[in-house]
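Residue numbering for the sequence shown follows this note's numbering, starting at 168 and increasing by one per position.
From the three backbone atoms N, C-alpha and C, an ideal C-beta is built for every residue, glycine too.
Note that the structure is predicted; figures quoted are calculated from it, not measured.
Everything on this sheet refers to the single structure shown next.
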Amino acid sequence: MIRLHNTLGNKIEEFVPIKTGFVGMYHCGPTVYDFVHIGNLRAFFTADLVRRVFEYEGYEVKQIMNITDVGIGGDNDEGEDKIIKGLKREGKNISLESMKELSDFYTERFKEDINKLNIKTPDVLPKASEHITDDIEFIKILEEKGFAYKTSDGIYFDTSKASDYGKLGGINETGESSSRIGLNSEKKNQKDFALWKFNSNLGYPSPWGQGFPGWHIECSAMSTKYLGNTFDIHTGGIDLAPIHHNNEIVQSESAHGKEFAHYWLHNGFVNVSDTKMAKSEGNFITLKTIEENGFSPLAYRYFLLGSHYRTPTNFTWEGLQSAQNALDKLKNFMDLSFASVGQPISTEYKKLFLEGLENDLNTPEALAVVWNLLKDNNVDVATKRFTLLDFDKVLGLKLGEKKYIPEDVQKLADEREIARKNKDFTKADELRKQIEDKGYTLKDTENGPVLSLK
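Structure follows, in structure tokens:
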């Protein structure tokens, strides 16, 4: 029995699928205007964790994550459009062609990052720019049902027509604060939001005029296109719940007359010095930064596993070092020469591991089971190793692969091996000392030198 905290209702609920043995899930993906920072990556890690847990439990999963690769040419509910901001930052012309060039580049960087974090590629990664027609058809339905109206700058959703608007929680009722870009005298209600924004200089044709789809309609159109009008799980960062996700809900349920998603999961922020990590704050760290500091990207995955997904977590380099040390200990325990199939796993520890995961994806509890297993002298080494490989289907730490060694340390080891073969033992000893100064030990074996973290 998997129990999840459903933001819709703010309580832990037993998961009941729409279709037995099948889970359809949608995740708000990146806006590809820059490198994603490690705070953004927590949302995608959480989506991957949800998928892995359900697959581990034997469910068939269909996973969709969108790519926001086109702007609206002006302001939206978050202020200045991010794609436009990216074009300005890189000194590019503001055009559809430039938008595609920018977004294609950062889409590939995003894919590289999730691959490094061992995040499974979703079944579909739909791009917003390739679903403009779907957005228009969706808006037409809302217009026909009386939920849309026109102003001088676009087509808006009339929130007064939906009595339960804001049911996900967090909507402020006081007017201007309901919109992050301030008052709009043409709106019927300040909580009304854009379905289509006009732009006479840039954009796509539509029945209402040239322009761009609103940010929220893109997710509704893409999620329902691939999963149907009602699906099981929708995830995203907690910052998306008050506005973006409430807007998705109200426009989708108004259009189709049925519940949009049954379970809403939101991950907490990754903070730096107790402040939310954000590009606007200038305190963001990328996965590349982590690698440049000598850490494995999978150390960051372990770091995230150490906190419950709903809990804000404070990133520190000391915390990441602890995660790297723990990951190295796990990999050092795994003997890569042992057979990967045909051995038993500990059913007792698997039961405990599942209990943690089924308790709203409690990964700290699951990790505690891992370390208790390693310390248990009543379980033989082979069973421990095969049980860990089984657990790694969820943890995603690649425990069946060699541990991460920084490039500069590996280079020193390679140079030392050449010196040793050339019988230049003085140089070999000097290189060993440099390796040790970087926090690693080197052991010569029949199969070659083996590096380990001290």
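Quiz item: Is S327 buried or exposed, if buried means 16 or more other CB atoms sit within 10 Å of its CB?
Solution: Residue 327 sits at position 160 when you count from the first residue of the sequence shown. Label assigned to S327: exposed.
Quiz item: In this structure, does DSSP put D527 in helix, strand or coil?
Solution: Along the sequence shown, read from residue 1 onward, the residue named residue 527 stands at position 360. In this structure, D527 counts as coil in the three-state DSSP scheme.
Quiz item: Between which two residues does the beta strand (DSSP E) harbouring H383 extend?
Solution: In the sequence shown, residue 383 corresponds to position 216, counting from 1. It is not in any beta strand (DSSP E) - H383 instead sits in the alpha helix (DSSP H) that spans 382-394.
Quiz prompt | Exposure label - F305; buried when at least 16 CB within 10 Å | solution = Here residue 305 refers to the residue found at position 138 when the sequence shown is read from its first residue. It is buried - the Cβ of F305 has at least 16 other Cβ atoms within 10 Å.
Practice problem: Could you check what DSSP says for P409 in three-state terms: helix, strand or coil? | Solution: In the sequence shown, counting from the first residue as 1, residue 409 sits at position 242. If DSSP states are grouped into helix, strand and coil, P409 belongs with the helices.
Quiz item: Alpha carbon to alpha carbon, what distance is there between E522 and T550?
Solution: If you number the sequence shown from 1, residue 550 lands on position 383. If you number the sequence shown from 1, residue 522 lands on position 355. Approximately 20 Å between the Cα atoms of the pair.
Self-check item: N413 versus N177 - alpha carbon distance
Solution: Taking the first residue of the sequence shown as 1, we reach residue 413 at position 246. Taking the first residue of the sequence shown as 1, we reach residue 177 at position 10. Their backbone Cα atoms lie some 14 Å apart in a straight line.
Quiz item: If I457 sits next to L497, beta carbons under 8 Å apart, how far is it from one beta carbon to the other, in whole angstroms?
Solution: Your numbering for residue 457 matches position 290 in the sequence shown. Your numbering for residue 497 matches position 330 in the sequence shown. In fact, because the Cβ distance is near 18 Å, the residues do not count as touching under 8 Å.
Practice problem: Starting from F451, trace the alpha helix (DSSP H) both ways and give me its first and last residue. | Solution: Position 284 of the sequence shown holds residue 451. It is not in any alpha helix (DSSP H) - F451 carries neither H nor E in the DSSP assignment.
Exercise. Name the two residues that bound the continuous beta strand (DSSP E) containing R587.
Key: Position 420 of the sequence shown, counting from 1, holds the residue named residue 587. Premise fails: R587 lies in the alpha helix (DSSP H), 574-588, not in any beta strand (DSSP E).
Quiz item: Looking at the unbroken alpha helix (DSSP H) that takes in Q488, where does it start and where does it end?
Solution: Counting from 1 along the sequence shown, the entry for residue 488 is found at position 321. From DSSP, the alpha helix (DSSP H) with Q488 extends over 484-500.
Quiz item: Do the region 199-211 and the region 426-437 make contact, defined as three or more Cβ pairs closer than 8 Å?
Solution: yes
Quiz item: Roughly how many angstroms lie between the CA atoms of D596 and E584, to the nearest whole one?
Solution: Locating residue 596 in the sequence shown gives position 429, where the first residue counts as 1. Locating residue 584 in the sequence shown gives position 417, where the first residue counts as 1. About 11 Å.
Quiz item: So who's on the other strand from Q230, going by DSSP bridges?
Solution: For the purposes of this step, residue 230 is taken as residue 63 along the sequence shown, with counting starting at 1. M192, per the DSSP bridge assignment.
Quiz item: Do P531 and H475 have their C-beta atoms within less than 8 Å of each other?
Solution: Sequence index remark: in the sequence shown, residue 531 carries index 364 (1-based). Sequence index remark: in the sequence shown, residue 475 carries index 308 (1-based). Their beta carbons are under 8 Å apart, which means P531 touches H475 by this criterion.
Practice problem: State whether the region 186-194 contacts the region 376-396, with contact taken as three or more CB pairs (one from each stretch) at a distance under 8 Å. | Solution: As far as the Cβ criterion goes, the region 186-194 touches the region 376-396, which means the pair count is three or higher.
Quiz item: Is the distance from the Cβ of P289 to the Cβ of I234 below 8 Å?
Solution: As a working note, residue 289 is residue 122 in the sequence shown. As a working note, residue 234 is residue 67 in the sequence shown. No. Outside cutoff.
Quiz item: When you compare only the Cα positions, how much space is there between E180 and L556?
Solution: As a first step, residue 180 must be located in the sequence shown, where it is residue number 13. As a first step, residue 556 must be located in the sequence shown, where it is residue number 389. Using only the alpha carbons, I get a separation of about 29 Å.
Quiz prompt | DSSP bridge partner residues for G321 (one or two, in chain order) | solution = Numbered from 1 along the sequence shown, position 154 holds the residue referred to as residue 321. In the DSSP output, where bridge partners are listed per residue, G321 has K364.
Practice problem: Starting from the C-beta of F558, find all residues in its chain whose C-beta is less than 7 Å away, skip the five residues before and the five after it, and write them out in chain order. | Solution: To locate residue 558, count along the sequence shown from 1; it is residue 391. Answer for F558: F520, V537, listed in chain order.
Quiz item: When the Cα atoms are used, what is the spatial distance from N492 to E582?
Solution: Residue numbering aside, residue 492 sits at position 325 when the sequence shown is read from its first letter. Residue numbering aside, residue 582 sits at position 415 when the sequence shown is read from its first letter. Each residue's alpha carbon lies about 25 Å from the other.
Quiz item: Does DSSP classify T593 as helix, strand or coil?
Solution: By one-based count along the sequence shown, residue 593 stands at place 426. Residue state, collapsed to three classes: helix.
Quiz item: Who are W538's beta bridge partners in DSSP?
Solution: Counting from one through the sequence shown, the residue named residue 538 turns up at place 371. The bridge partners DSSP lists for W538 come to none.
Quiz item: L528 to T514, Cα distance in whole Å?
Solution: Counting from 1 along the sequence shown, the entry for residue 528 is found at position 361. Counting from 1 along the sequence shown, the entry for residue 514 is found at position 347. Between the C-alpha atoms of L528 and T514 there is a straight-line separation of about 19 Å.
Quiz item: What are the start and end residues of the alpha helix (DSSP H) that includes L566?
Solution: Within the sequence shown, numbered from 1, the residue matching residue 566 stands at position 399. Looking at the DSSP string, L566 is not in any alpha helix (DSSP H), and its letter there is neither H nor E.
Self-check item: Backbone secondary structure at N177 - three-state DSSP
Solution: Counting from 1 along the sequence shown, the entry for residue 177 is found at position 10. Three-state DSSP puts N177 in coil, outside helix and strand.
Exercise. Could you give the DSSP three-state label for G333: helix, strand or coil?
Key: As a first step, residue 333 is located in the sequence shown; it is residue number 166 there, counting from the start. G333 falls in the coil class under three-state DSSP.
Self-check item: Delimiting residues of the beta strand (DSSP E) encompassing I400
Solution: Your numbering for residue 400 matches position 233 in the sequence shown. Segment 398-404, the beta strand (DSSP E) holding I400.
Quiz item: From E385, Y371, K334, G321, pick the residue whose C-alpha is nearest to that of F365; which is it?
Solution: Working through the sequence shown from its first residue, we reach residue 365 at position 198. Of the listed residues, the one whose Cα sits closest to F365 is G321.
Exercise. Give the DSSP bridge partners of V439, in chain order.
Key: Your numbering for residue 439 matches position 272 in the sequence shown. Looking at the DSSP assignment, V439 forms a beta bridge with T442, F482.
Self-check item: Nearest neighbour of E227, chosen from T213, V203, G461, I185 [CA to CA]
Solution: The sequence position of residue 227 within the sequence shown is 60, counting from 1. Comparing Cα-Cα distances from E227 to each of T213, V203, G461, I185, the minimum goes to I185.
Quiz item: Is T453 near I205, with beta carbons less than 8 Å apart?
Solution: Taking the first residue of the sequence shown as 1, we reach residue 453 at position 286. Taking the first residue of the sequence shown as 1, we reach residue 205 at position 38. Taking 8 Å as the Cβ cut-off, T453 and I205 qualify as a contacting pair.
Practice problem: Look at the alpha carbon of T187 and the alpha carbon of M168, and state the distance between them as a whole number of angstroms. | Solution: Position 20 of the sequence shown, counted from the first residue, corresponds to residue 187. Position 1 of the sequence shown, counted from the first residue, corresponds to residue 168. Their backbone Cα atoms lie some 13 Å apart in a straight line.
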